[in-house]
Structure formats: C-alpha cells, structure tokens
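For reference, the structure is listed below as structure tokens.
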Amino acid sequence: MIFKKNIKVLELQDPLLAEALVRTTVPDDVKVVDSRTGAPTLRVGNIILHSIYDPVSEAEAWVQYNREKFDSVPAVVVFGFGLGYHIRDMSASGGKEIIVFEPRKDILRAAMEHIDLTALLPKIKIVSGPDVPRINNSFEILDHKPSTGLSPEYFKWLRARLMVLRKMKKGLRIMVVGPIYGGSLSIAGYCAKALKNLGHTVDFLDNSFYKKAFLGIDKITSNQMHQDELRKMFIDFTSEAVIARCADYRPDLLLALAQAPLSGSSLMKLRENRIPAAFWFVEDFRFRAYWKEVAPFYDYFFTIQKGPFFNQLKDAGVKNAAYIPLAASASAHRIMELLPGELEKYGSDISFIGAGYYNRRSFLTGLIDFDMKIWGSEWDMNSPLSRCIQRSGAWVETADIVKIFNASKININLHSSAYHDGIDPYGDFVNPRTFEIAACGGFQLVDRRSELSDMFRVGEEIICFENLSDIRKKIRYFLDHPDERAEIALRSRERVLKEHTYERRMEAMLRFIFDSGYEPPVWNTEIEDVEHMIETAGRQSELGEYLCRYIDKGKICIDDIIGKIDAGKEPLSYVEKIFLLMHEMKKVYLKR
Amino acid sequence: MKEVLIMNLTRMGDLIQTTPVIIGLREKHPGVHITLLVNSAFAEICKFIPYIDRLIIFDIKGTIKTFYNDHDLIKGFRQIEDILKEINHVEYDLTINFTHSTDSAVLCSLIRTKEIRGASIDEAGHSIKRHPWIRYFFNVIPGRDYNPFHLCDMHVKVAEVMPCQKGLALHLSEEINVWVRTVLAEHGIRDSDLLIGLQLGASAEDKRWPAASFARLADRLAETFGAKIILTGSSSERELGNEFESITKIRPLNFIEKTNLDELAGLLKRCDLFISNDTGPLHIATAVGTTTINISLASVHFRETGPYGDGHYVIAPDVPCYPCGFNTDCKRPICKEVINTDNLFDLVDKVIREKDFSSIDNSALWRDVQVYRSFFENDGLIDYRPLIKKRLNKEVLFSYIYRKSCLKILDKEDVNDLNDGFRYFAEKLHLFYDLSSLNTKNYLEDEFDAMLRLRGLAEIGLAKLTLIALEAGKPVPDTAWIKETWADVPVIEKEIENIGYTHPPLKPLFILFRYGQEGLEGRDLAAMSEETRMLYSDLKKHISLMIQCIDSRAVNRA
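Residue numbers (my numbering), protein chains in the order written: chain A, 405 to 996; chain B, 644 to 1201.
Next up, the structure:
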C-alpha cells in the first residue's frame, strides 16, 4: 500500500525510475527490521544503514553534523538514500536543491515499501543511474557513510565526476586561442569574457598581434607558392607559440576559435600531453573546408550548423561534436543613448553593416531609393551603392557598430553568400549580427534561415524577409510603424539576453564537454583542493575564512589567489600580503 | 635606537658588505640590539660577522619547495607565519632592507617596525623605496656609468652612520690560524713563503678571467718570486681548477671544495696577496686584511662592488663598452683579452716589489686597461684612484660631480657651501686624469644647455607646487583651483623625462626624481603637495649644484 502511494508520487517526478523500481525485487540480504523505538531500520548483509536504537534521532544528529555545509550552499548532493531518514530531516528546512545518489535500486525499493515518502519525494531528486544530472547551483556533498560503504567504487567515481563538474562550473583554467584576423577574432574575445564572467580563469591568446606580419607575406613575394610556404611556416610558428604558452599557463582546457593558427602537429602535442582541446567552428562548413584538416585533432568540436555536417564530422573521425549557435555579448552589444550629433552621423532609415559579398552587392542595390547607409569593407566604390557606402568602405569598429545598430530605424541583416544573387534559399545557420542587433535593442529585417525559428519566434520577436519585393514592403511598413518596431525589438532583445548570450553558449559548451567524459589534464598537480585547504588551515582561522571565497573554484593555486587580490586599490590584509610574498618568492625562484 | 633589524637575503658577498653598517650602528648607538635576517643558503658566513645580537635564518628555498614543489600552500603559508613570528618577536625602531627584490619588499611590509628603509610596499601593495639613498641605489642600474658610490657606502648612507673603523670586518677564531699553519706546513709551506691565492670562479661565465690565463700568471709568479699558489673555491669551481692544473707547470695547493668558510677565511688571511674575479672570497680576503687584486670584467663595476678597504687594487678594462649592462650576452668578451697575463703580472710585480706605489707609467702594456688603488676619501667613503693617467671622459667627470652633489642633496647638507666641489676639480682630478678634454671646444655644451633647461623646469615646477601646497594646506582648500593648476605639472614632468632620457649624464637626476615620486605615500592632498614640492626643490638644488660644478670648470679654465 505504501509502495503504491510512493510510486505514484515518484512517477510524477521520474517515471523511468518509478518503472525501474516496480520491476526491482528486494533480495534476501536486504532486510527491514524494527529498531528499539519501533521505527524501521535497514540491514544490508552485515551492514546496518540506520541506528537499530533510534534512527530518527540519529538522522537529526547527522543533519546537525552537516549543518554548516548545508547552510553554506543552495544545493546539496547526498550520497546514499537508505530509508531516507536523514534526507527527510534535511528537507524539512526547505529552500534547497537536494539531489540524492543511490545506485542500489533494491535499497530504494525497500525504502518505498516501508516508509511513507510521499511528502519527501517532490522535494528531492533521486539519481540511480550512471548519468550525473545538471546541478545548476553550487553544491556540497554530504556522505551517508553506511551507504557509501556499500558501494564504495560507485561513490568514489561519482565524487570524482562531481568534483570535475564543480570545476567545470566555475573553476577551470581555460586558454582561448583567437585567429590572427577575421570575424571570429571578436567572437574569441567575447568567449574569453563570457568564460571569465562565469567564474573561470581565462588566458586569451590574442593572435591579432601577428596580423601585420602575416598579411605582410603578400608583399614579400608575388610567387604564390612561396607565399603559401611562408604562410605555412608562419602558422607553424604561431602554433608552437600556443604550445609554449600552454606549457607555461597549464590550462585545463584549450578553446580555439575558427581560423586559430594551430597546426595538426601542434594539436597532436596537446593530445600527447592530454590537454583537452575544443574547437568552435563559427563558419559555414560548406564554404570553409579547412575544418577537415584540423577537426580530428580536437577532443570536442562545436558547429553553428545542424544536420548533414554531423555526418561529415563523424566520417572525419570526430567523436564529440555538438551544435552551439552564435550569440551576442551583452556587455559589448547594448542599448546606447546617442547624442543628436551621433544620431545624425550613425543613423538612417535603413542600414547595413558587413562586408560586400556578391549577394549583398546585388541585393542592396535594389534598396537604393531608401535613406540607406552601408558600413563595412570590400564594397565596390564604382557601383551605384557607392553613395550609400560610408567612410569609403573602411572597417568599422565594434563601438561604432553598436551605435549604428542603435541609431538605425531598420537594420538590414542579409547573410553572406558568394554565389547567390540575393538570399540563400537553403541558408541554415544564424549569423552573429542577428543576435547583436537584437541585444542592442535594434530592429532588424533578416533573411529567412532554417535555424532561425529555433531561436526566435518569427513574426513576434523577429521579422524575416523572403525576397526583394518582400523586404521593400516590410521596410515601408515598419518605417510607418515605429511603435511596432520598438515592441518587436524589445521582445527580441529580451530573448537574446535570456538565451543567446556567449555566457549561455559557454555553459552549454562546458556541459557538453563534461557529459562527454572530460578529465582534467594530468599536469595540474600544483593546484590544490580548496576544501582540503580550508580544513587544513582551520575553518575558523583567518586563513581558513579567507580561503572560503574560493570554495566554488574547487581547486586553486597561488596564481589564482593572486589574481583575485585587488592590489593597488584597497589595503591588503595580512593574509593577502603573505600570499603576495609567496607569489613573489616563487617568481624569483623560477627566474633562477 | 634600541632595536634594529637588518634584512639581507642575498649572497655571501653582500652579507660581508653589510659589515660597515653594523659597525657604524654599533659606534653610533652603543646599546643597540641588532638582528640580522638572512637567507639560509648564505647563513654560514654570519658566524664571523661581528656585533650581531640575533640571527634569524629564513629557509627560503625550503619554503618555496613546500608550497610550490610539494604543493602544500597551507604548510608554506604557516612556515612564513612562523618566520614572521620569530622576526616580530620584538618591535623594531628601524628596519633596513638591503635586499632589493620584490619578495623582500613584501616581507618588509609584514614586519613590526617604526621605520623602514629600503624596498617595501604600501598598504595597497604599491612598490615604494624608502630613504633617499635607497632610491639612489635603484638609480645605479639605469645610470651606473655615472655612479661614484660603492654598495657598502650606499648601505652606510641608508643606515645614516659613518663608521670610524673603515672597511669590511669578519672575526675569525685563533684556532683557525693554527689549523692554517698546520695544513700549509704539511704541504711544505713555511711562514716566510710568499703565498698568493687565486679564485678562478665568479657567478657567471662572462665575469671570469680565463683559467688558462690564471695558470700562466701562476707559472710566472712561481718562477719569478718563488711564490706558492693556492686555489680556493667551491664545487662550482671544480672544473676551472682541473683546467688550471692541466695547463700550469707548477703544483698549486688546490683547496677547491676542501674548505668550509672558516677555513677559507683563515687561508685567505694567511695569503700575502689574493687575486680574484668579483666573488664572495674577494670580500672575505678584504675583510681579513689581505691585499687583493680584483679583476673586474663584463657587467661587474668595481665602483659598486670592488674591494672595500684601503690599499687594494683593481684592474679593469678601459674600453668604451665596459661595464656592460646586466643580462647582456656578449659575443666578443674583449675585456678578457685586454686584461692579459702580461699586464696583470706587471701589476702583481709592482704590488710585491714596490708595496705602495701611486702611479704607473702609461705604456703599450696598459693600453685599454686601467689600474685603480682603493682609498677612503675625506668624505669618509671609498674611492678608486686611477694609477695610469688617462684622459678624463664624461662618465668619470659626471660621476665625480654626482659624488659631490648627491652627498649634499641626499644627506640634506647645506647646499650653499660648494667650495669643496670647486676644489675637487682644482686639486684632485688633474692629479689622476688628463683633463685636456675639458678644454675641447663645446665639450659640455649640450649637457650644460640641458642642465639650464632642466633647472628652468624645476623652478617652474617648484613655483607651481609651492602655490598648490599653500592652497592644499588651508582648512578648506580650493580643490578646483588645485586641480586646474596641477594639470600643468604632468607637462613639466614629461619635459623633465625627455631631457633625462636624451642626455645620459642627466638621467640619474631624472630617475632619482621619478623614484621620489613613486615613493610618495598616502592620499592626503596637503602632504602629497608638500612632498612633491620638496622633490622639485631637491631637483632644483641638485641641478644648480651641478651647474656650478661645471661652471667651476669654466672658471678654472678661464
């Protein structure tokens, strides 16, 4: 009777587990017996999971013992269910996310049969399989020692995975490698910033430093073969520079953006040293085929396109690939109050920002009778569009782009194509501009893309156009309806800030990496476990209290501590000065 | 002054060079209790340093091993706390940090003391250099061509003492003299034998005179004077010793790796002459009273770290690139060629035969080489008198000018009394140098012009800062006006910087000024304004003194 009631409640929470428990039988060595107080207790073989005298009082004591840990975080992970006394007591406080891991379904079944858990089950999540679920909050692990003793290997494995998860959430050292130049350069910067915002320690390798030298190769010789050879040597050099930097920085993960100057041989070195490497290929795989050469060397490959690309990646030997669409940077792409002069300078009825690809040149010519400004490079100044082209087709900085998005009544967003006259009828991925315009609070008309409706409610949050005639109509309509423009732009912005920022993308990326079995590199021995450090230092000591601020980091080293010390601004504490001293001693020592 | 802490976490030679300070403190404050904080790697020498009341040994390497190699941050942290507890057992009236690294600066800030002199950090972690002579010390690196002061004298100035007992000091036990006599007798060396010690090593390869040259010199010394040769050194000199023995015709007494510091000091004391590169044993020999010849090569500048005592000799290259900068990777070490067996033998010959000689005739043998003899000047500081009369160059001329001006400015002496400065040029320099270059037309015109401009800028800056300091000192200062007036100050400072960088002889002035600015602490507007005003005032006085020195040259010529 109790079992049926419990299962009914569990079905609402986790039907798969409920079904599994219905099918589970309790073996003979799992016995529920009465304790001295009459409350049931559980015996598994020779191990008694709860007190045979008073399991309720014992559970109260267990909760009391773990009170400090419990109070310090919004989520707790409990190792072992038993008959659930300790969990019931803990859940009484309310307000916490409680995840209970219990690998033995026979124990869960026994609990369901003998204890009324109907009030408890809606407040907790029970995990009995090999998957580690999403835990959104920072968490502490509480051991139910008799339970962990029953399945020591499982809980050892689980603890390690949770430690990695904790690290993945906030405490990774990540090296972001950007390209020498190109569109993915700014994306690399946004990724680095987002990862920092998520609490990770980030080293952004900005290879734009080499741009002048790299592009200068064209001027050295007109012989194409020689140019190619020099470029290859250049990439070999920058590639080795990344490896050298890795050896110095010791990242837990390397994230390379499209066009990052990393050769296959360098990526092999990363693999030999077991440094996990991820690649975010933020380009059209049909248009840029170089991915085939590097993809097999990466542990994790991320694309902005769904569908057929995944089959090709599989054929190329890529094991872990996932779809991560582009996004906006909330700090870079924002609403701005513009001065009248700026509105005059950057504003127009319609505007377009981007390079003068073939399809854009022809399509935009059809809008020439509007008050249109075109910003960006690679435009033909001898074309009819020339009177619309701003700054003679010069490159536009992000700061100006944001102003243009803000100042334009309608921002035209036409995805590039080198071989369509206007819109690519089979276009799939969504470009960064879509998110950036929205994040700036700008109104846009965008060409229809197959993946757009996954991200926005077309017609409510974003307006698409199908062809020239369609866009001309919509331009006229929305120029006449500024309030409607503003409402759509607002909805679009809210959606982007909620779901399509680089922070969300990086979270998804790291989650995928974790789910794919990520293991931190072996060289991280200098880094120590914060919890252990606090215990060693004494939780109540000045040092212990100071270290508590790193609890979410999982593991840290002296450099992490120094990175957080705000030297030069506020007075340093005694503890901070000693850490500073240790850091300086280490520097002098390494120099020698 | 009751409790003084001296921090010196650097090498053995540097520790020995701290002894004049310790002596000076003891003379000036007879009851003072002196604590010396040292790096465990160099603690052995401290047994022989006199007047130390308490020695604290910091195992820096061990601590780093704990928290870095063994990955135990907490244990490392606690080890530092332990050493801090030991250091801070008492509160000091004065802490002097003679270590110039950033880690020592941080450590200094953790010490319980009423006053700090040396590198430290302020409450927010900004680097600060406390005391004018410490700022001068840091100035030596960018402006060393013009530096006239020995490291020991800079130390003495930082401590604000002037020891009557001159030179370095180490106290050896009587037993060690007996040991030395016994060991030498076992090798057939009598008390009457001429004993010459050679130290083949140095901290870096470029600072080492070749072992082969030492070997050929030893052969000639043995042949000419019947000298007995001993080699001293540690394990790092083993290979050099082997090389020496494979070349020389004599059988030297090779003590490399065979002595502790006590025994080494005893042996050096017995030597009649000790010839060495820039090394710790050079300073030990100087401290125990043995005449030394210092071979000064590459980046080693004898004026900074040469033998600190009366009557020692330095042989140094007289080539334009000497001394080279720190951390340079010289591909043609010409200094090892210009100092050769012939001229060094000739010098040793003079030292042995003539004992006290005041000049060497300039001949082809001394081309590209200069020999100096150390002596204590009337100002109480060491100087190195050139023995071969050669043409005075701008570096040396300005170093003498700085010797006069810095003593007045940094010691806050009466700057109006410049007679001594004039006399220097009139009476001394012409004895040591060929001053004909000074009579070359327009010889100092550029520098003189720059100095006048610099003085003008200092005057403008001083005028502005005086007004600002006056306003800032009012109960309710007009901050808007101060801000507006202060806006001109960075422009003046930029111009001062330009002159400093474009006229190398004036660079030390600018660097001192800049370090002074970096040393300003606190956020109180009135105090900051007043301190900045003082910096401009010092700059003006300093440059005015220098102008007068240059003018005195003109006066003399006239």
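Just so you know, even glycine gets a beta-carbon here, dropped at the ideal spot from N, CA and C.
Please read these numbers as outputs of a predicted model, since none were measured by experiment.
Pull up the distance between the alpha-carbon of residue i and that of residue j, whole angstroms please.
| i | j | result |
| --- | --- | --- |
| E900/B | P853/B | 19 Å |
| Y761/A | F869/A | 18 Å |
| V1198/B | I1044/B | Here V1198/B scores only 43 on pLDDT, less than 50, and its place in the model should not be relied on; the value that follows carries that caveat. About 15 Å. |
| I1139/B | L794/B | 28 Å |
| F767/A | I754/A | 14 Å |
| E801/A | S733/A | 15 Å |
| L813/B | Y694/B | 10 Å |
| K993/B | D999/B | 9 Å |
| L864/B | D702/B | 43 Å |
| H926/B | L843/B | 15 Å |
| R889/A | L420/A | 46 Å |
| S896/A | G668/A | 40 Å |
| F780/B | G923/B | 20 Å |
| Y711/B | P444/A | 52 Å |
| F988/B | N1082/B | 36 Å |
| N928/A | I679/A | Here the model assigns N928/A a pLDDT of 47, short of 50, so the residue's position is not dependable and the matter cannot be decided. |
| P655/A | T905/A | 24 Å |
| I584/A | A617/A | 10 Å |
| K573/A | P1151/B | 52 Å |
| V504/A | P700/A | 38 Å |
| K729/B | S683/B | The sequence shown places Glu at residue 729/B, rather than the Lys named in the question. Near 15 Å, if we compare the C-alpha coordinates of S683/B and E729/B. |
| R1176/B | D953/B | 41 Å |
| E734/B | K704/B | 26 Å |
| R1200/B | Y1076/B | Bear in mind that the predicted position of R1200/B carries a pLDDT of just 49, short of 50, making it unreliable; the figure below should be weighed with that in mind. So the two alpha carbons sit approximately 15 Å from each other. |
From the DSSP output, read off the bridge partner residues of residue i.
| i | result |
| --- | --- |
| P1029/B | Y1015/B |
| G761/B | N740/B and R773/B |
| I406/A | BP columns for I406/A are empty, so no partner. |
| T875/B | Q842/B |
| V477/A | DSSP, once it has assigned bridges, lists no residue as partnering V477/A. |
| Y727/A | T707/A |
| D851/A | F869/A |
| P444/A | D438/A |
| I451/A | V448/A |
Using a cut-off of 7 Å between C-beta atoms, extract the partners of residue i located in chain B.
| i | result |
| --- | --- |
| E988/A | T745, D746 and V749 |
So which residues on chain A does residue i lean against when the C-beta distance must stay under 7 Å?
| i | result |
| --- | --- |
| S752/B | K981 |
Using the rule of at least 16 other Cβ atoms within 10 Å of the residue's Cβ for burial, across every protein chain shown, is residue i buried or exposed?
| i | result |
| --- | --- |
| P526/A | exposed |
| I1202/B | Since the first residue shown for chain B is 644 and the last is 1201, residue 1202/B is missing from the structure and cannot be characterised. |
| L1074/B | exposed |
| V1119/B | exposed |
| R538/A | exposed |
| Q1160/B | exposed |
| Q944/A | exposed |
| L1035/B | buried |
| D784/A | exposed |
| A660/A | buried |
| Y830/A | exposed |
Which chain B residues are close to residue i, counting only those with a beta carbon under 8 Å from its beta carbon?
| i | result |
| --- | --- |
| M672/A | Going along chain B, no residue has its Cβ under 8 Å from M672/A, so there is no contact; the nearest lies around 29 Å. |
For residue i, which residues in chain A fall below 8 Å Cβ to Cβ?
| i | result |
| --- | --- |
| E670/B | Neighbours of E670/B on chain A: none; closest Cβ ~34 Å, over 8 Å. |
Going along chain A in order, which residues have a C-beta closer than 9 Å to the C-beta of residue i?
| i | result |
| --- | --- |
| F710/B | I962, M986, M989 and K990 |
| T706/B | M986 and M989 |
| I703/B | M989, V992 and Y993 |
Could you name the residues of chain B that residue i contacts, counting a contact when the two beta carbons are closer than 9 Å?
| i | result |
| --- | --- |
| E932/A | H714, D715, L716 and I717 |
Inset, instruction - Output, in sequence order along the chain, the residues in the region 825–847 of chain B whose CB is closer than 7 Å to any CB in chain A. - result: Flagged: no residues at all.
Legend entry - Chain-ordered residues of the region 718–744 of chain B with a beta carbon less than 9 Å from chain A: Per Cβ criterion, the list reads K718, G719, F720, R721, I723, E724, L727 and S744.
Inset, instruction - With 8 Å as the C-beta to C-beta threshold (strictly closer), list the residues of the region 938–955 of chain A near chain B in chain order. - result: Correct list: T940, A941 and L947.
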